Every structure is written in C-alpha cells, then in structure tokens.
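For the sequence shown, position 28 (counting from the first letter as 1) is numbered 28 according to the numbering used here, and the numbering increases by one without interruption. In this text, a Cβ means the ideal position worked out from N, Cα and C, and glycines have one as well. Since the model is a prediction, treat every value here as computed from it, not as a measurement. Each remark here refers to the structure printed beneath this line.
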Amino acid sequence: MRRVYRTRPIAHVLLATVVWIHGSPEMATAESRATCHSQESQDEPEEKRPPKLAAWPKPKSPSELKDQVARLRQERSKDLAAEAQLALTAMGSSAAPLLIRSLGKEKGKAAGERIRFALASILDQQHSRLIAESFDNKSLEIRVWALITVSRTPDLGLQETIKGHWKTLTRRGDKAEEIERYAAGLCLLSVQDTQGLEPVVSATLSHWKQRAPEIRSVLDGLRSPTLDKALEEHLKAEDRKMKSAALRLIAAGGTRATLSAVAPFLDSGNPTLRVDAINACRVLVSGEAPRERIPVFEAIELAKAWKARL
C-alpha cells in the first residue's frame, strides 16, 4: 500500500528548525526533507484521505505573509529566519503561492533551502494537484521542486499530467535539463510508470553522493512489484556501474522479493558490488540504513553472514 504524507505538527517543525539553526544549510536540506516526509508517513486507505484541494486558501493577512517571507529569505539573522519559519508554518498552505514564487526568484542557496523547508512544513497530499500546476512554470527551480514534491505524495489522478510533462521533455531532447528529467523520472515512478527509471538510474550513476538522500526518501514510498521487476532487469546489465546503480536503487525502492536477485552479488569479487548487495540486505531485511563505506575484510565477513541468513 502506498504511503501518505501529512503536514507535521508545529512542535516537530520547531525541533527541526532548531536543528537547522545550529547546523549547516546543507545538513538541514537532508534533515528537513527526510523528517518532513519520511518519518511522518503512514499507510492509509484512499477513501480515508482528505480530499484534494482545488484552490489555495487565501491568507488572512497578505501583508503579514509578505513580511514573513521576506524575513525568511534574509541572511542577516538565523533567529529571525527561524521565527519566520514558524510563523509561515502557522499560516498553513495559504503561504504556499508566495513561497513558490519566491523560490523561483531566490538566488541564495541557503535561502532557497529555507523556502523549501517552509513549503515542506505546510504541504501534504491534499495539495498535489495544486503543486502540479507549477510543472509548466517558467522557472526551472520551481518546476524541479514541484515534480519532486509531487513524487513524494503519489497521486494516480495526475498520471496523464505527469506523462504529458515527460513527453514535453522528450521532445526537447538534449535541450531538456538533466535535473528536470531526473525530477520528472521520480514523478513518473510515483504513478507506477517505469519510464521514469532511466533518468533516475542516470542520476544514480552520475550524482549518487549528491542525490542519494532524495532518491532514497522518494523511492522508499514507492516500493512495488512493478518497480522490483524493472530494477531486476538492470541487474542483468554487463556494465558494473549499472549493476551497482541497480543494487543501490533496490535498497532505496525495492521489496524483499528482490533478495533472490541480490544474493548472488554477495559473492562478487568486486568490492563495490559486494557492499551494495550488503546494503540492500540491510535495508530490505533489517530495516537498517545503508553504510556508505565498509572495509574490505569486514565486507567479506558481512557477506558471508548475509548469505547464511538468506
């Protein structure tokens, strides 16, 4: 059953904001996204989900909203920005349209992350259709944000919209930005269309260190037999790097049904493939986080242990 993502209680946002104040913006990126979406996810029948919104709520005070967004974007005081974050969270999704427009204008990396953090704290599956309206925005930053955000809250009702956007990118050919193809790929996978796997595999091959937290957090909510089958096909590739990418994505978005295909790689003579197979077992069997580095001799022993366990 697919996972549903809900807006988090303000106390949780406060805790995450405190973490952000005392950490680096780069650390906050992964922390905020994982916390906002993964930790609060839960299975829920379709009929029990709140209805999709057809329009954004109106802010009670547009001037106050404008002031708080300005405070959020400023770089002078982290405390001031954190207070703005809490104020915007309290305003709820009525703050989203201005925050989205601000994301397209913002040039500062840290401020952009704060805007994404604020949006993550006020949006959930009810807003997926409204967010999808930004797929055609003139701003690449907004388009990529919208595609990835929708991929986190799977909505089969958007299947044709997402496929239509993918066709547009396909027609652009090499003119389409790689990051937008990747984001659209995640979005396609969220509606059970495995066309999306190709750009996600490409991103795994080229930008794994940078995008691993995001790929893992999105694919964790998309595990299915359909995705299993597509990932297992990539394990049959001759190229070692492609096999490694497939194993990493199986850990991110596969199910235990893939373990029989993963197990042979525990005997691989290639240290990278062996570690990738160990990590897939860690995630799928034990629910443990993957380890980025495992010493060679430890990996050999772990592989033996996993073979015996499987």
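Check: Stretch pair the stretch 77–96 + the stretch 152–161: three plus CB contacts closer than 8 Å; Outcome: no
Check: Range of the contiguous alpha helix (DSSP H) that encloses G287; Outcome: Element bounds for G287: n/a, residue is neither H nor E.
Check: Nearest neighbour of E133, chosen from A95, L119, A55 [CA to CA]; Outcome: A55
Check: Beta-carbon spacing of I122, S93 below 8 Å; Outcome: yes
Check: Buried/exposed call for G221, threshold 16 Cβ in 10 Å; Outcome: buried
Check: Beta-carbon proximity of M91 to P59, cut-off 8 Å; Outcome: yes
Check: Nearest candidate by alpha-carbon position, reference V69, set R291, T89, N279; Outcome: T89
Check: Cβ neighbour criterion (16 or more within 10 Å) applied to P154; Outcome: buried
Check: L188 beta carbon less than 8 Å from that of I148; Outcome: no
Check: Inter-residue spacing [alpha-carbon to alpha-carbon] between K105 and R73; Outcome: 11 Å
Check: Sub-8 Å separation of L197 and A251 beta-carbons; Outcome: no
Check: Residue from V191, R143, Q192 with nearest C-alpha to T168; Outcome: R143
Check: Segment contact, 8 Å Cβ cut-off, at least three pairs: the stretch 232–250 with the stretch 165–182; Outcome: no
Check: S201, enclosing alpha helix (DSSP H) - first and last residue; Outcome: The residue asked about is misnamed: residue 201 is Val in this sequence, not Ser. Segment 197–219, the alpha helix (DSSP H) holding V201.
Check: Check whether V218 and R129 have beta carbons under 8 Å apart; Outcome: no
Check: At least three beta-carbon pairs within less than 8 Å, the stretch 284–298 to the stretch 251–262; Outcome: yes
Check: Chain-order list of residues whose beta-carbon lies under 8 Å from that of A237 (same chain, five-residue window excluded); Outcome: K243, A246
Check: Cα-Cα separation, T170 to S286; Outcome: 39 Å
Check: Residue environment, T226, which counts as buried when at least 16 other CB atoms sit within 10 Å; Outcome: exposed
Check: A202 versus K241: straight-line alpha-carbon distance, rounded; Outcome: With the sequence shown as reference, residue 202 is identified as Ser, and Ala is not the correct amino acid for it. Their Cα atoms are separated by approximately 11 Å.
Check: Test item: CB-CB of A212 and E232 under 8 Å; Outcome: no
Check: Counted within 10 angstroms of its Cβ, other Cβ atoms place G23 as buried (16 or more) or exposed; Outcome: The predicted model places G23 with a pLDDT of 44, which falls under 50 and marks its position as unreliable; any figure quoted below should be read in that light. Exposed, by the Cβ-count rule.
Check: Beta-carbon gap between K307 and L259 smaller than 8 Å; Outcome: no
Check: I278 beta carbon less than 8 Å from that of A299; Outcome: yes
Check: Nearest neighbour of Q126, chosen from A257, L53, L273, S206 [CA to CA]; Outcome: L53
Check: C-alpha distance - A146 paired with N137, whole-angstrom precision; Outcome: 9 Å
Check: Three-state secondary structure (DSSP) of G253; Outcome: helix
Check: Beta-carbon proximity check, L119 vs L65, cutoff 8 Å; Outcome: no
Check: Cβ-based burial, E214 [other Cβ within 10 Å; buried from 16]; Outcome: buried
Check: Range of the contiguous alpha helix (DSSP H) that encloses P271; Outcome: 271–281
Check: Start and end residues, alpha helix (DSSP H) containing W56; Outcome: From DSSP, W56 is part of no alpha helix (DSSP H); its letter is neither H nor E.
Check: Secondary structure of G92, DSSP reduced to three states; Outcome: helix
Check: Beta-carbon gap between A257 and D228 smaller than 8 Å; Outcome: yes
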